[in-house]
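Residue numbers (the working numbering): 24 to 347.
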(Lines of atoms letter the chains of each structure in order from A; the text may use other names.)
(Lines give C-alpha, C1' and ligand atoms only; values in the text may rest on other atoms or scores of the structure.)
Protein backbone atom coordinates (compact mmCIF):
# COMPACT_ATOMS: atom_id res chain seq x y z
CA UNK A 24 0.00 0.00 0.00
CA UNK A 25 1.37 3.44 -0.95
CA UNK A 26 2.19 6.09 1.67
CA UNK A 27 -0.58 8.31 0.26
CA UNK A 28 -3.20 5.60 0.79
CA UNK A 29 -1.91 4.86 4.29
CA UNK A 30 -2.03 8.54 5.23
CA UNK A 31 -5.53 8.90 3.76
CA UNK A 32 -6.80 5.88 5.67
CA UNK A 33 -5.17 7.08 8.90
CA UNK A 34 -6.65 10.57 8.52
CA UNK A 35 -10.10 9.15 7.75
CA UNK A 36 -9.94 6.87 10.80
CA UNK A 37 -9.02 9.77 13.10
CA UNK A 38 -11.80 11.99 11.66
CA UNK A 39 -14.40 9.24 12.07
CA UNK A 40 -13.19 8.60 15.63
CA UNK A 41 -13.48 12.32 16.42
CA UNK A 42 -17.06 12.54 15.14
CA UNK A 43 -18.07 9.38 17.02
CA UNK A 44 -16.33 10.60 20.17
CA UNK A 45 -18.38 13.80 20.03
CA UNK A 46 -21.58 11.85 19.42
CA UNK A 47 -21.12 9.31 22.25
CA UNK A 48 -22.51 11.41 25.14
CA UNK A 49 -25.25 12.78 22.88
CA UNK A 50 -26.44 9.24 22.11
CA UNK A 51 -26.97 8.77 25.86
CA UNK A 52 -28.47 12.21 26.42
CA UNK A 53 -31.21 11.87 23.79
CA UNK A 54 -32.53 8.69 25.43
CA UNK A 55 -33.18 10.45 28.77
CA UNK A 56 -36.54 11.90 29.79
CA UNK A 57 -37.07 15.54 30.82
CA UNK A 58 -35.84 14.79 34.36
CA UNK A 59 -32.63 13.24 33.05
CA UNK A 60 -33.73 9.68 33.88
CA UNK A 61 -33.60 6.57 31.69
CA UNK A 62 -36.94 4.90 30.89
CA UNK A 63 -35.16 1.70 29.87
CA UNK A 64 -32.70 -0.55 31.68
CA UNK A 65 -29.50 1.33 30.85
CA UNK A 66 -27.34 -1.69 31.68
CA UNK A 67 -28.70 -3.69 28.75
CA UNK A 68 -27.39 -1.16 26.20
CA UNK A 69 -23.73 -1.97 26.73
CA UNK A 70 -24.47 -5.71 26.95
CA UNK A 71 -26.14 -5.76 23.52
CA UNK A 72 -23.42 -3.48 22.12
CA UNK A 73 -20.76 -5.94 23.32
CA UNK A 74 -22.69 -8.87 21.81
CA UNK A 75 -22.88 -7.00 18.50
CA UNK A 76 -19.15 -6.19 18.55
CA UNK A 77 -18.33 -9.80 19.45
CA UNK A 78 -20.47 -11.03 16.52
CA UNK A 79 -18.76 -8.70 14.03
CA UNK A 80 -15.29 -9.72 15.26
CA UNK A 81 -16.23 -13.44 15.21
CA UNK A 82 -17.52 -13.28 11.62
CA UNK A 83 -14.40 -11.41 10.50
CA UNK A 84 -12.15 -14.00 12.21
CA UNK A 85 -14.04 -16.91 10.63
CA UNK A 86 -13.61 -15.34 7.21
CA UNK A 87 -9.88 -14.74 7.82
CA UNK A 88 -9.39 -18.26 9.20
CA UNK A 89 -10.68 -19.71 5.94
CA UNK A 90 -7.76 -18.12 4.08
CA UNK A 91 -4.12 -19.17 4.10
CA UNK A 92 -2.59 -15.74 4.63
CA UNK A 93 0.11 -14.92 7.18
CA UNK A 94 -2.50 -13.08 9.26
CA UNK A 95 -4.59 -16.22 9.69
CA UNK A 96 -1.57 -18.11 11.06
CA UNK A 97 -1.28 -15.56 13.88
CA UNK A 98 -4.77 -16.40 15.19
CA UNK A 99 -3.89 -18.66 18.11
CA UNK A 100 -5.14 -18.59 21.70
CA UNK A 101 -2.62 -17.45 24.29
CA UNK A 102 -4.18 -17.83 27.75
CA UNK A 103 -1.75 -15.34 29.22
CA UNK A 104 -2.87 -12.70 26.72
CA UNK A 105 -6.51 -13.72 27.14
CA UNK A 106 -6.27 -12.97 30.88
CA UNK A 107 -4.90 -9.51 30.07
CA UNK A 108 -7.83 -8.85 27.75
CA UNK A 109 -10.17 -9.73 30.62
CA UNK A 110 -8.53 -7.06 32.77
CA UNK A 111 -8.82 -4.61 29.91
CA UNK A 112 -12.49 -5.49 29.48
CA UNK A 113 -13.12 -4.55 33.11
CA UNK A 114 -11.68 -1.04 32.64
CA UNK A 115 -13.97 -0.33 29.68
CA UNK A 116 -16.92 -1.91 31.49
CA UNK A 117 -16.32 0.50 34.41
CA UNK A 118 -15.92 3.53 32.13
CA UNK A 119 -19.07 2.82 30.11
CA UNK A 120 -21.32 2.30 33.12
CA UNK A 121 -19.91 5.26 35.05
CA UNK A 122 -20.50 7.47 32.00
CA UNK A 123 -24.24 6.72 32.18
CA UNK A 124 -24.31 8.27 35.66
CA UNK A 125 -21.93 11.12 34.80
CA UNK A 126 -24.00 12.31 31.84
CA UNK A 127 -26.94 12.84 34.22
CA UNK A 128 -24.94 15.57 35.97
CA UNK A 129 -23.31 17.22 32.94
CA UNK A 130 -24.23 18.60 29.55
CA UNK A 131 -22.63 16.61 26.73
CA UNK A 132 -19.92 19.21 26.07
CA UNK A 133 -19.18 19.54 29.81
CA UNK A 134 -18.88 15.76 29.98
CA UNK A 135 -16.35 15.79 27.14
CA UNK A 136 -14.41 18.59 28.80
CA UNK A 137 -14.17 16.80 32.13
CA UNK A 138 -13.19 13.51 30.48
CA UNK A 139 -10.02 15.24 29.34
CA UNK A 140 -8.81 15.41 32.94
CA UNK A 141 -7.47 11.93 32.16
CA UNK A 142 -4.79 13.48 29.96
CA UNK A 143 -2.24 14.08 32.72
CA UNK A 144 -2.65 10.51 33.95
CA UNK A 145 -2.34 9.14 30.41
CA UNK A 146 0.79 11.22 29.80
CA UNK A 147 2.38 10.00 33.04
CA UNK A 148 1.45 6.37 32.33
CA UNK A 149 2.72 6.71 28.75
CA UNK A 150 6.13 7.73 30.09
CA UNK A 151 6.44 5.28 32.98
CA UNK A 152 4.53 2.27 31.63
CA UNK A 153 4.88 2.45 27.83
CA UNK A 154 8.36 4.00 28.00
CA UNK A 155 7.69 6.87 25.56
CA UNK A 156 9.47 10.15 26.32
CA UNK A 157 7.69 13.49 25.88
CA UNK A 158 9.50 16.72 25.03
CA UNK A 159 8.81 20.01 26.82
CA UNK A 160 6.25 21.20 24.25
CA UNK A 161 4.26 17.97 24.56
CA UNK A 162 4.21 18.33 28.36
CA UNK A 163 3.05 21.94 28.03
CA UNK A 164 0.34 20.80 25.60
CA UNK A 165 -0.86 18.22 28.13
CA UNK A 166 -0.96 20.96 30.78
CA UNK A 167 -2.94 23.33 28.50
CA UNK A 168 -5.55 20.70 27.68
CA UNK A 169 -5.95 19.66 31.31
CA UNK A 170 -6.30 23.26 32.51
CA UNK A 171 -8.92 23.92 29.83
CA UNK A 172 -10.85 20.83 30.87
CA UNK A 173 -10.82 21.63 34.59
CA UNK A 174 -11.52 25.31 34.00
CA UNK A 175 -15.00 24.53 32.68
CA UNK A 176 -16.04 23.08 36.03
CA UNK A 177 -15.27 26.30 37.91
CA UNK A 178 -18.10 28.76 38.62
CA UNK A 179 -18.32 31.90 36.48
CA UNK A 180 -18.81 33.95 39.64
CA UNK A 181 -18.65 33.30 43.38
CA UNK A 182 -20.21 30.10 44.66
CA UNK A 183 -19.75 26.36 44.44
CA UNK A 184 -18.89 24.13 41.56
CA UNK A 185 -21.17 23.86 38.54
CA UNK A 186 -22.08 20.29 39.39
CA UNK A 187 -22.75 18.38 42.59
CA UNK A 188 -19.91 16.70 44.46
CA UNK A 189 -21.48 13.34 43.55
CA UNK A 190 -21.29 14.21 39.86
CA UNK A 191 -17.69 15.37 40.21
CA UNK A 192 -16.63 12.15 41.99
CA UNK A 193 -18.36 9.97 39.37
CA UNK A 194 -16.68 11.98 36.61
CA UNK A 195 -13.23 11.59 38.20
CA UNK A 196 -13.72 7.82 38.54
CA UNK A 197 -14.89 7.67 34.91
CA UNK A 198 -11.79 9.58 33.75
CA UNK A 199 -9.51 7.29 35.80
CA UNK A 200 -11.08 4.18 34.28
CA UNK A 201 -10.77 5.67 30.78
CA UNK A 202 -7.10 6.57 31.27
CA UNK A 203 -6.18 3.14 32.65
CA UNK A 204 -8.15 1.41 29.89
CA UNK A 205 -6.49 3.43 27.12
CA UNK A 206 -2.97 2.75 28.39
CA UNK A 207 -3.69 -0.92 29.07
CA UNK A 208 -5.12 -1.29 25.56
CA UNK A 209 -2.01 0.18 23.99
CA UNK A 210 0.24 -1.94 26.20
CA UNK A 211 -1.53 -5.20 25.33
CA UNK A 212 -2.63 -4.65 21.72
CA UNK A 213 0.43 -2.92 20.29
CA UNK A 214 2.81 -5.51 21.74
CA UNK A 215 0.97 -8.34 20.02
CA UNK A 216 1.24 -9.06 16.30
CA UNK A 217 -2.15 -10.80 16.19
CA UNK A 218 -4.83 -9.35 13.87
CA UNK A 219 -6.83 -6.50 15.41
CA UNK A 220 -10.20 -8.25 15.09
CA UNK A 221 -8.87 -11.41 16.75
CA UNK A 222 -7.63 -9.26 19.63
CA UNK A 223 -11.04 -7.59 19.76
CA UNK A 224 -12.76 -10.98 19.80
CA UNK A 225 -10.91 -11.94 22.99
CA UNK A 226 -11.59 -8.53 24.53
CA UNK A 227 -15.32 -8.67 23.80
CA UNK A 228 -15.69 -12.05 25.53
CA UNK A 229 -15.01 -10.34 28.86
CA UNK A 230 -17.17 -7.39 27.80
CA UNK A 231 -20.16 -9.66 27.22
CA UNK A 232 -19.60 -11.44 30.56
CA UNK A 233 -19.11 -8.29 32.67
CA UNK A 234 -22.04 -6.44 31.16
CA UNK A 235 -24.27 -9.53 31.19
CA UNK A 236 -23.65 -10.09 34.91
CA UNK A 237 -24.21 -6.40 35.61
CA UNK A 238 -27.50 -6.43 33.66
CA UNK A 239 -28.68 -9.49 35.61
CA UNK A 240 -27.71 -7.91 38.94
CA UNK A 241 -29.50 -4.67 38.07
CA UNK A 242 -32.78 -6.60 38.03
CA UNK A 243 -32.24 -9.26 40.70
CA UNK A 244 -29.64 -7.91 43.14
CA UNK A 245 -29.47 -4.10 43.19
CA UNK A 246 -32.07 -2.44 45.40
CA UNK A 247 -34.03 -0.81 42.61
CA UNK A 248 -37.19 -1.27 40.56
CA UNK A 249 -35.32 -2.03 37.33
CA UNK A 250 -36.96 -4.30 34.77
CA UNK A 251 -35.13 -6.36 32.15
CA UNK A 252 -35.68 -3.95 29.27
CA UNK A 253 -38.11 -1.12 30.02
CA UNK A 254 -39.31 1.27 27.31
CA UNK A 255 -37.03 0.39 24.40
CA UNK A 256 -37.47 3.07 21.74
CA UNK A 257 -35.90 3.16 18.25
CA UNK A 258 -33.34 5.61 19.67
CA UNK A 259 -32.13 2.92 22.07
CA UNK A 260 -31.54 0.53 19.15
CA UNK A 261 -29.57 3.28 17.41
CA UNK A 262 -27.59 3.82 20.64
CA UNK A 263 -26.69 0.12 20.80
CA UNK A 264 -25.46 0.07 17.19
CA UNK A 265 -23.60 3.33 17.71
CA UNK A 266 -21.67 2.06 20.74
CA UNK A 267 -20.78 -1.12 18.87
CA UNK A 268 -19.34 0.87 15.94
CA UNK A 269 -17.67 3.34 18.30
CA UNK A 270 -15.91 0.56 20.22
CA UNK A 271 -14.56 -1.01 17.02
CA UNK A 272 -13.34 2.38 15.77
CA UNK A 273 -11.57 3.35 19.00
CA UNK A 274 -9.82 -0.03 19.22
CA UNK A 275 -8.38 0.63 15.75
CA UNK A 276 -7.13 4.07 16.85
CA UNK A 277 -5.47 2.64 19.97
CA UNK A 278 -3.90 -0.22 18.00
CA UNK A 279 -2.49 2.01 15.25
CA UNK A 280 -1.76 5.31 17.00
CA UNK A 281 -1.77 4.91 20.79
CA UNK A 282 -3.51 6.32 23.85
CA UNK A 283 -2.31 9.92 23.52
CA UNK A 284 -3.63 10.24 19.95
CA UNK A 285 -6.95 8.81 21.10
CA UNK A 286 -7.00 11.43 23.88
CA UNK A 287 -6.28 14.26 21.44
CA UNK A 288 -9.22 12.99 19.38
CA UNK A 289 -11.35 13.45 22.48
CA UNK A 290 -10.03 16.97 23.00
CA UNK A 291 -10.92 18.09 19.47
CA UNK A 292 -14.32 16.40 19.80
CA UNK A 293 -15.18 18.87 22.58
CA UNK A 294 -15.60 21.69 20.07
CA UNK A 295 -17.84 19.59 17.84
CA UNK A 296 -19.77 18.49 20.92
CA UNK A 297 -20.42 22.10 21.93
CA UNK A 298 -21.82 22.89 18.48
CA UNK A 299 -24.10 19.84 18.63
CA UNK A 300 -25.22 20.91 22.12
CA UNK A 301 -26.33 24.26 20.75
CA UNK A 302 -28.10 22.72 17.74
CA UNK A 303 -29.79 19.75 19.44
CA UNK A 304 -30.37 20.89 23.02
CA UNK A 305 -30.61 24.70 22.65
CA UNK A 306 -27.60 25.17 24.91
CA UNK A 307 -25.61 28.39 24.94
CA UNK A 308 -21.87 28.96 24.93
CA UNK A 309 -20.68 31.76 27.20
CA UNK A 310 -17.46 33.73 26.77
CA UNK A 311 -16.08 31.75 29.72
CA UNK A 312 -16.89 28.47 27.95
CA UNK A 313 -15.28 29.71 24.75
CA UNK A 314 -11.99 30.38 26.55
CA UNK A 315 -11.83 26.73 27.62
CA UNK A 316 -12.14 25.68 23.97
CA UNK A 317 -9.35 28.08 22.95
CA UNK A 318 -7.00 26.76 25.65
CA UNK A 319 -7.71 23.16 24.61
CA UNK A 320 -7.22 23.86 20.88
CA UNK A 321 -3.91 25.59 21.63
CA UNK A 322 -2.85 22.49 23.54
CA UNK A 323 -3.85 20.18 20.69
CA UNK A 324 -1.97 22.34 18.16
CA UNK A 325 1.12 22.36 20.37
CA UNK A 326 1.03 18.59 20.75
CA UNK A 327 0.40 17.84 17.07
CA UNK A 328 2.37 20.50 15.17
CA UNK A 329 4.75 22.55 17.33
CA UNK A 330 6.22 19.52 19.12
CA UNK A 331 7.37 18.06 15.78
CA UNK A 332 10.09 20.71 15.39
CA UNK A 333 11.48 20.05 18.88
CA UNK A 334 14.34 17.52 19.04
CA UNK A 335 13.44 14.24 20.70
CA UNK A 336 14.85 13.41 24.16
CA UNK A 337 18.16 11.56 23.94
CA UNK A 338 16.55 8.33 25.17
CA UNK A 339 14.38 8.28 22.06
CA UNK A 340 17.15 8.88 19.54
CA UNK A 341 18.52 5.83 17.73
CA UNK A 342 21.73 4.59 19.28
CA UNK A 343 24.85 4.31 17.14
CA UNK A 344 27.61 1.85 17.85
CA UNK A 345 31.15 3.04 17.24
CA UNK A 346 33.08 0.97 14.76
CA UNK A 347 36.27 -0.65 16.10
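Glycine is no exception: its CB is placed at the ideal position from the N, C-alpha and C atoms.
According to the DSSP assignment, residue 76 belongs to the alpha helix (DSSP H) that extends over 66-88. Under the 10 Å beta carbon count, residue 31 is surrounded by fewer than 16 other beta carbons and is classified as exposed. If you draw a straight line from the Cα of residue 95 to the Cα of residue 169, it is about 42 Å long.
If you draw a straight line from the Cα of residue 48 to the Cα of residue 259, it is about 13 Å long. For residue 155, there is no enclosing alpha helix (DSSP H), as DSSP marks it with neither H nor E.
Going by DSSP, residue 124 is part of the alpha helix (DSSP H) stretching over 102-125. By the Cβ rule, the segment 149-158 does not count as touching the segment 227-243, because fewer than three pairs are nearer than 8 Å. Between the C-alpha atoms of residue 275 and residue 207 there is a straight-line separation of about 14 Å. In chain order, 263 place their CB closer than 7 Å to the CB of residue 71, counting only its own chain and leaving out the 5 sequence neighbours on each side.
Excluding residues up to 5 positions away in sequence, 288, 291, 292 lie with their Cβ nearer than 6 Å to the Cβ of residue 41 in the same chain.
For residue 207, the uninterrupted alpha helix (DSSP H) segment begins and ends at 188-212. The Cβ atoms of residue 161 and residue 280 do not sit closer than 8 Å to each other.
By the C-beta density criterion, residue 218 is buried, having at least 16 other C-beta atoms within 10 angstroms. Taking C-alpha positions only, residue 314 is separated from residue 37 by approximately 25 Å. Where residue 55 is concerned, there is no enclosing alpha helix (DSSP H), because DSSP gives it neither an H nor an E. In the three-state reduction of the DSSP assignment, residue 245 falls in the coil class. DSSP places residue 147 inside the alpha helix (DSSP H), whose first and last residues are 141-148. Under the DSSP assignment, residue 93 falls in the alpha helix (DSSP H) whose first and last residues are 93-96.
The shortest CA-to-CA distance from residue 99 to any of 266, 224, 270, 252 is the one to 224.
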